[in-house]
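**Q** Sharing a structure, written as structure tokens. Questions coming.
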Amino acid sequence: MEPEGRIWRRLREDRAGLAGLAVVSLFLMLALAVWLGLIGQDWSIAAGGRWEPPSPQHWFGTNILGQDIFQRAVYSVRTAFEVGLVVAVLSTLLGALLGALAGWYSHGWPDGAILWLMGVLDSIPFYLFVAAVAYALQGQPWAMHVAMIATFWTGTSRLVRAEVMKLKTREFVMAARTIGLPDLLILGRHVLPNTVHILLVQASIAFVAAIKTEVILSFLGLGVQDGVSWGLMLAESTQEVLAGHFNNFLAASLMLFVLLMSFNLLADALQDAFDPTFDPKQAAQ
Amino acid sequence: MQYPLRKAFHGLLLVLGVTFISFVLMVWFGPDQTYTLLGKNATAEQIAEVRHELGYDQPFLRRYLDYVADLFTLRLGASNASGEQVSRILARTAPVSLALMLPGFVLGNLMGIALGLAAARRRGQWTDRLISGLSVTGMSISFLVIIIALQVLLSTPYGLNLFPVRGWQVTDLPSYLWHVTVPTLSLVLVTLGYNTRFYRAVFVEEASRDHIRTARAFGASPAVLMWKHVLKNSLVPIITRVMFSIPLVVISGSLLIESYFGIPGVGKVAFDAITSGDQPVLKAVVGLTAVAFVLIQIATDLLYRLVDPRVA
Amino acid sequence: MNAPVLVVRDLTVSVLQDRQPRAVVDGISFDLAEGEILALVGESGCGKTKTAEALLGLVPASAGSVSAQSIVLGGTNLAALPESAMRRVRGRDISMVFQEPLTALDPVFRTGHQLSAVFRRHRRLGRSEARRASLEMLERVGFADAGHVLRSYPHELSGGMRQRVVIAMAMACRPRVLVADEPTTALDVTTQAQVLTRLTELAGEAGTAILLITHDLGIVAHYCDRALIMRDGRIVEQAAVDQLFRQPRHPYTARLLAAARGEAP
Numbered sequence: 018m019e020p021e022g023r024i025w026r027r028l029r030e031d032r033a034g035l036a037g038l039a040v041v042s043l044f045l046m047l048a049l050a051v052w053l054g055l056i057g058q059d060w061s062i063a064a065g066g067r068w069e070p071p072s073p074q075h076w077f078g079t080n081i082l083g084q085d086i087f088q089r090a091v092y093s094v095r096t097a098f099e100v101g102l103v104v105a106v107l108s109t110l111l112g113a114l115l116g117a118l119a120g121w122y123s124h125g126w127p128d129g130a131i132l133w134l135m136g137v138l139d140s141i142p143f144y145l146f147v148a149a150v151a152y153a154l155q156g157q158p159w160a161m162h163v164a165m166i167a168t169f170w171t172g173t174s175r176l177v178r179a180e181v182m183k184l185k186t187r188e189f190v191m192a193a194r195t196i197g198l199p200d201l202l203i204l205g206r207h208v209l210p211n212t213v214h215i216l217l218v219q220a221s222i223a224f225v226a227a228i229k230t231e232v233i234l235s236f237l238g239l240g241v242q243d244g245v246s247w248g249l250m251l252a253e254s255t256q257e258v259l260a261g262h263f264n265n266f267l268a269a270s271l272m273l274f275v276l277l278m279s280f281n282l283l284a285d286a287l288q289d290a291f292d293p294t295f296d297p298k299q300a301a302q
Numbered sequence: 160m161q162y163p164l165r166k167a168f169h170g171l172l173l174v175l176g177v178t179f180i181s182f183v184l185m186v187w188f189g190p191d192q193t194y195t196l197l198g199k200n201a202t203a204e205q206i207a208e209v210r211h212e213l214g215y216d217q218p219f220l221r222r223y224l225d226y227v228a229d230l231f232t233l234r235l236g237a238s239n240a241s242g243e244q245v246s247r248i249l250a251r252t253a254p255v256s257l258a259l260m261l262p263g264f265v266l267g268n269l270m271g272i273a274l275g276l277a278a279a280r281r282r283g284q285w286t287d288r289l290i291s292g293l294s295v296t297g298m299s300i301s302f303l304v305i306i307i308a309l310q311v312l313l314s315t316p317y318g319l320n321l322f323p324v325r326g327w328q329v330t331d332l333p334s335y336l337w338h339v340t341v342p343t344l345s346l347v348l349v350t351l352g353y354n355t356r357f358y359r360a361v362f363v364e365e366a367s368r369d370h371i372r373t374a375r376a377f378g379a380s381p382a383v384l385m386w387k388h389v390l391k392n393s394l395v396p397i398i399t400r401v402m403f404s405i406p407l408v409v410i411s412g413s414l415l416i417e418s419y420f421g422i423p424g425v426g427k428v429a430f431d432a433i434t435s436g437d438q439p440v441l442k443a444v445v446g447l448t449a450v451a452f453v454l455i456q457i458a459t460d461l462l463y464r465l466v467d468p469r470v471a
Numbered sequence: 028m029n030a031p032v033l034v035v036r037d038l039t040v041s042v043l044q045d046r047q048p049r050a051v052v053d054g055i056s057f058d059l060a061e062g063e064i065l066a067l068v069g070e071s072g073c074g075k076t077k078t079a080e081a082l083l084g085l086v087p088a089s090a091g092s093v094s095a096q097s098i099v100l101g102g103t104n105l106a107a108l109p110e111s112a113m114r115r116v117r118g119r120d121i122s123m124v125f126q127e128p129l130t131a132l133d134p135v136f137r138t139g140h141q142l143s144a145v146f147r148r149h150r151r152l153g154r155s156e157a158r159r160a161s162l163e164m165l166e167r168v169g170f171a172d173a174g175h176v177l178r179s180y181p182h183e184l185s186g187g188m189r190q191r192v193v194i195a196m197a198m199a200c201r202p203r204v205l206v207a208d209e210p211t212t213a214l215d216v217t218t219q220a221q222v223l224t225r226l227t228e229l230a231g232e233a234g235t236a237i238l239l240i241t242h243d244l245g246i247v248a249h250y251c252d253r254a255l256i257m258r259d260g261r262i263v264e265q266a267a268v269d270q271l272f273r274q275p276r277h278p279y280t281a282r283l284l285a286a287a288r289g290e291a292p
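Chains as they are written, first to last, in this note's numbering: chain S, 18 to 302; chain B, 160 to 471; chain D, 28 to 292.
Here it is in structure tokens:
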């Protein structure tokens, strides 16, 4: 059976992965619905009293300002996807680009420079870096995204670099070079497409990491500035729980957990499907 | 002889890189402290004087080189915010951070290794699937959620109410244990999923090697195979991971835990310095981090030499 | 022929390929006489290595399933032994030498340690006794400076030297059967002869029967008493070596011989 067929078959058989995919799609539709203005629009309105318990008007009750927790939790799905997608896509692309360049010109100066950059970025403690970027960008809402993209790309680029170094020695690449095709063309058209499996898995890992990071950044006051996110809800809840009000905390953490868990399962399924040595039968025994 | 020289050179480049980026971000773009020091009704002369003192009127390269020179000669100065000597601040807070983070970091890795071994040994069976499932679950829970949940469950009247909610009044061993338990537990729970996942993969890879088959062919039991042969052969990737996760886990993690639990450690000090633009403190923290990273790399190389006879 | 020391009846190893079970070893039966050197010959993929692994119970459940009516080694049916009992047998009553000497030994332990482990486990020797036994064994496999080899790590030794260490481990307990899976294929020609000669001498001294797996008919002719020809998981011919070379009965055997002589098939 050719490789593509095998990959699809594995994906179809991975029940956990399929469940993950289903849930993620559900969340994605929620995010789209919020973006299109269909639901979750009343997240900032103080519609009720302080800390009301769940009721038909407010399904999860209200927070300290009387805002509807359910509305806020739903709107946060949109925030999560915005942050997750932007960071995942851009950091993976950046990583792919720099990794490919480093791998192609390995042992030359581009490789040395990119490796040095990766080393530097990896040695700066992440939250200090983000705080610094947030300040450098004067509290702009994109500061958080920039900081994440600027640090997340290193993981992808390391893997792409290694893969490109391996692919460089394969016959089809050597053939292309003998014909005289320009390097960048070979990289773009022949080599990079063969790293797609790495990129897909890395993007999904970055998505999860971005959402988790946003939560902590929002707690530190460096995250989402306008709108609401699960991170902000959790940050609010830190004082509330000490007074015995758990609705905010539960709503945010549950939705966060479900989305993250589903995405992780999906990422695992992708990784297993692409792994040539993985045997589903082995894992099932 | 050439090898250590090359390593030192790369280390130096790294330190320069880190200091450069940090300088650009924190010092060049950082908050202008002139007005914090002077207040609102300052004369033009006073402003000019303070700016000159703080070095704001110098060109970029000059300021950067001064910065690096200060770092290397350990002229760390005094905090703009409190006036306390930076070296005193670090001496006071660094041990706190270490005492706070080390138990959780070590425990998280040891348990990850043990669980990874258990899962790899019974690969594909229910033990493995349980451990792997728990790992994925752990990876899907936010650090913040864990901290809040643990705090409620262990430190408030809504839970067991056994541990302090905030603070660090450590005078002896019992008070240390009392304060460090919840942070340690949080750190372990957060890192355990990732650690177990990683170590399991390493052990599965090692267990498939030929020499394991040889050992089995001569009668070694599964326990011996795993805990002696696989483990010792996996030390290189284990060391790599532990050492290179130090910046992330210990330093970044300490920032979060210290902020949350109100513990006076380096992370919190560093964070406050960034948000208030306290440059002397910033310089010191950043420089130290870069040096620490280079030291970690050197230590890693030495450890490789110790555990793997093939490394020259 | 002497009394058989190993009696194999109806040994089958099946693996899952594209979800279908396939028998890579298909119900084979043979006897191995005491002290004899029996060749197991065939092209790559015919099931030779799986047969060897199955005899020692080394086929992991995830790789395939093994079934046999019996694998009787000196009175005990290995096929019916629980794993814990099988561990006592491996390396003591039946041992194996593998095809790839470069990866056969554990790179992070000294060779002396790995050899001593066999003595300590199966002969219950203490540390210094095991060390002495290891030194002696290394000398017997032909190392002039056994002490140096004892202290060395595998990567400090050549392929041929590593293979001799494995042979030392395999013969340490004077097993009744030694299964050698293409022990010299990965070595250069001069070393091949050295290793095989040393192996067959040691086995002769200890009365160990050898099941020698190989695709090299030259080795069969030179070292072996009888031969089994294997193809697609089945044994198509068994005969004494002279007989085999003079009058092969099965057409496949004839083709193998012709190919070895460089003639047209």
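Glycine included, each C-beta is placed from N, C-alpha and C at the ideal position. From a predicted model like this one, the values you see are computed outputs, not experimental measurements.
Chain D partners of B/A277, CB-CB under 9 Å?
**A** Taking the second sequence and counting its residues from 1, the one referred to as residue 277 of chain B is at position 118. Within chain D, no residue comes near B/A277; the closest Cβ sits about 17 Å away, beyond 9 Å.
**Q** The beta strand (DSSP E) that contains D/L59, what's its start and end?
**A** In the third sequence, residue 59 of chain D corresponds to position 32, counting from 1. Taken as a continuous stretch (DSSP letters only), the beta strand (DSSP E) holding D/L59 covers 47-60.
**Q** Let me know the beta strand (DSSP E) ranges lying completely inside the segment 53-112 of chain D, each 3 residues or longer, listed in chain order.
**A** Counting only runs of 3 or more, we get 64-68, 92-94, 97-100.
**Q** I'd like to know whether the C-beta of B/P218 is nearer than 9 Å to at least one C-beta of chain D.
**A** Counting from one through the second sequence, the residue named residue 218 of chain B turns up at place 59. So no, B/P218 is outside the interface.
**Q** Nearest-angstrom Cα distance between S/S93 and S/F143?
**A** Within the first sequence, residue 93 of chain S is the residue found at index 76, counting from 1. Within the first sequence, residue 143 of chain S is the residue found at index 126, counting from 1. Looking at the two C-alpha atoms, the distance is approximately 24 Å.
**Q** Return helix, strand or coil for D/L184, following the three-state DSSP convention.
**A** Counted from its first residue, the third sequence places residue 184 of chain D at position 157. Coil.
**Q** Would you verify that the beta carbon of S/A300 is, or is not, closer than 9 Å to some beta carbon of chain B?
**A** Sequence index remark: in the first sequence, residue 300 of chain S carries index 283 (1-based). Unreliable placement is indicated for S/A300, whose pLDDT of 43 sits below 50; no coordinate value is reported for it.
**Q** With DSSP as the reference, label B/L220 as helix, strand or coil.
**A** Locating residue 220 of chain B in the second sequence gives position 61, where the first residue counts as 1. Note: B/L220 maps to helix in three-state DSSP.
**Q** Within its chain, find whatever has a CB closer than 8 Å to the CB of D/F125; leave out the 5 residues flanking it on each side and keep chain order.
**A** Looking up residue 125 of chain D in the third sequence gives position 98. The answer, listed in chain order, is A131, V193, D208, P210.
**Q** What is the DSSP secondary structure of B/Q328, reduced to helix, strand or coil?
**A** By one-based count along the second sequence, residue 328 of chain B stands at place 169. Looking at B/Q328 - three-state DSSP - the assignment turns out to be coil, as it is neither helix nor strand.
**Q** By how many angstroms is the C-alpha of B/P396 removed from the C-alpha of S/M18?
**A** Stepping through the first sequence from its first residue, residue 18 of chain S is reached at position 1. Stepping through the second sequence from its first residue, residue 396 of chain B is reached at position 237. Unreliable positioning characterises S/M18 in this predicted model, as indicated by a pLDDT of 45, which lies under 50. The coordinate reading is nonetheless provided below. Approximately 35 Å, taken between the alpha carbons.
**Q** Does DSSP put D/D243 in a helix, in a strand, or in coil?
**A** Residue numbering aside, residue 243 of chain D sits at position 216 when the third sequence is read from its first letter. Of the three classes helix, strand and coil, the one that applies to D/D243 here is coil, per DSSP.
**Q** So the beta strand (DSSP E) D/S122 belongs to, where does it begin and stop?
**A** In the third sequence, the residue the question calls residue 122 of chain D occupies position 95. D/S122 -> beta strand (DSSP E) spans 121-124.
**Q** Examine chain B for any beta-carbon lying closer than 9 Å to the beta-carbon of S/G261, and answer yes or no.
**A** By one-based count along the first sequence, residue 261 of chain S stands at place 244. Yes, S/G261 counts as interfacial toward chain B.
**Q** Short check: CB of S/S270 to CB of B/S301, under 9 Å?
**A** Here residue 270 of chain S corresponds to residue number 253 of the first sequence, with the count starting at 1. Here residue 301 of chain B corresponds to residue number 142 of the second sequence, with the count starting at 1. Contact: yes.
**Q** Counting along the chain, where does the beta strand (DSSP E) carrying D/V206 start and finish?
**A** By one-based count along the third sequence, residue 206 of chain D stands at place 179. Counting along the chain, the beta strand (DSSP E) containing D/V206 begins and ends at 204-208.
**Q** Assuming S/G37 and S/A252 make a contact with CB atoms under 8 Å, what is their CB distance in whole Å?
**A** Residue 37 of chain S sits at position 20 when you count from the first residue of the first sequence. Residue 252 of chain S sits at position 235 when you count from the first residue of the first sequence. The pair is not a contact, with the Cβ atoms about 27 Å apart (cut-off 8 Å).
**Q** Does any CB atom of chain B fall closer than 9 Å to the CB of S/G125?
**A** The count along the first sequence starts at 1 and reaches residue 125 of chain S at position 108. By this cut-off, S/G125 is not an interface position.
**Q** Could you spell out where the alpha helix (DSSP H) holding B/I398 opens and where it closes?
**A** Residue numbering aside, residue 398 of chain B sits at position 239 when the second sequence is read from its first letter. B/I398 -> alpha helix (DSSP H) spans 394-405.
**Q** Closer than 9 Å, Cβ to Cβ, to anything on chain D: give me those residues from the segment 369-381 of chain B, in chain order.
**A** Listed by position along the chain: D369, H370, I371, R372, T373, A374, R375, A376, F377, G378, A379, S380, P381.
**Q** What does B/F302 reach in chain S if we use C-beta pairs closer than 7 Å?
**A** Position 143 of the second sequence, counting from 1, holds the residue named residue 302 of chain B. Result: I233.
**Q** Touching or not, the segment 107-115 of chain D and the segment 62-82 of chain D, by the rule of three or more beta carbon pairs under 8 Å?
**A** Output reads no: the segment 62-82 of chain D does not touch the segment 107-115 of chain D.
**Q** Using the beta-carbon of each residue, which ones in chain B are nearer than 7 Å to S/K229?
**A** Residue 229 of chain S sits at position 212 when you count from the first residue of the first sequence. The answer, in chain order, is S301.
**Q** I need the DSSP call for D/L33, collapsed to helix, strand or coil.
**A** By 1-based counting over the third sequence, the position of residue 33 of chain D is 6. D/L33 falls in the strand class under three-state DSSP.
**Q** For D/I98 versus D/V35, is the C-beta spacing smaller than 9 Å?
**A** As a position in the third sequence, residue 98 of chain D is number 71, starting the count at 1. As a position in the third sequence, residue 35 of chain D is number 8, starting the count at 1. Yes. Within cutoff.
**Q** Can you name the residues of chain D whose CB is closer than 7 Å to the CB of B/R469?
**A** Here residue 469 of chain B corresponds to residue number 310 of the second sequence, with the count starting at 1. P134, H182, listed in chain order.
**Q** Should the segment 230-242 of chain S be called in touch with the segment 191-211 of chain S, which here means at least 3 C-beta pairs below 8 Å?
**A** Too few Cβ pairs lie closer than 8 Å, so no.
**Q** In angstroms with no decimal places, state the Cα-to-Cα distance between D/K77 and B/A167.
**A** Taking the third sequence and counting its residues from 1, the one referred to as residue 77 of chain D is at position 50. Taking the second sequence and counting its residues from 1, the one referred to as residue 167 of chain B is at position 8. Cα-Cα distance, rounded: 51 Å.
**Q** So the alpha helix (DSSP H) B/A379 belongs to, where does it begin and stop?
**A** Within the second sequence, residue 379 of chain B is the residue found at index 220, counting from 1. No alpha helix (DSSP H) holds B/A379; DSSP gives it neither H nor E.
**Q** Under a three-way DSSP split, which group does S/D85 fall into?
**A** Taking the first residue of the first sequence as position 1, residue 85 of chain S is located at position 68. DSSP places S/D85 in strand when its eight states are reduced to three.
**Q** Quick one: what's D/E264 bridged to in DSSP?
**A** Along the third sequence, read from residue 1 onward, the residue named residue 264 of chain D stands at position 237. DSSP lists D/I256 as partners of D/E264.
**Q** Around the C-beta of S/Q302, are 16 or more other C-beta atoms found within 10 angstroms, so that it is buried, or is it exposed?
**A** Stepping through the first sequence from its first residue, residue 302 of chain S is reached at position 285. Confidence in S/Q302 is poor, its pLDDT being 33 and thus under 50, which makes the residue's placement unreliable; the coordinate value appears in the next sentence. Looking at its Cβ environment, which holds fewer than 16 other Cβ atoms inside 10 Å, S/Q302 is exposed.
**Q** Who pairs with B/S256 in a beta bridge, going by DSSP?
**A** Position 97 of the second sequence, counted from the start, is the residue given in the question as residue 256 of chain B. DSSP lists no partner for B/S256.
**Q** Which residues, taken in chain order from the segment 136-162 of chain D, show a beta carbon closer than 7 Å to some beta carbon of chain B?
**A** Hits within the stretch, in order: V145, R148, H149.
**Q** Short of 7 Å in beta carbon distance, which residues of its chain neighbour D/A233, apart from the five on each side in sequence? Order them along the chain.
**A** As a working mapping, residue 233 of chain D is identified with position 206 in the third sequence. Same-chain partners within the cutoff: M198, R201.
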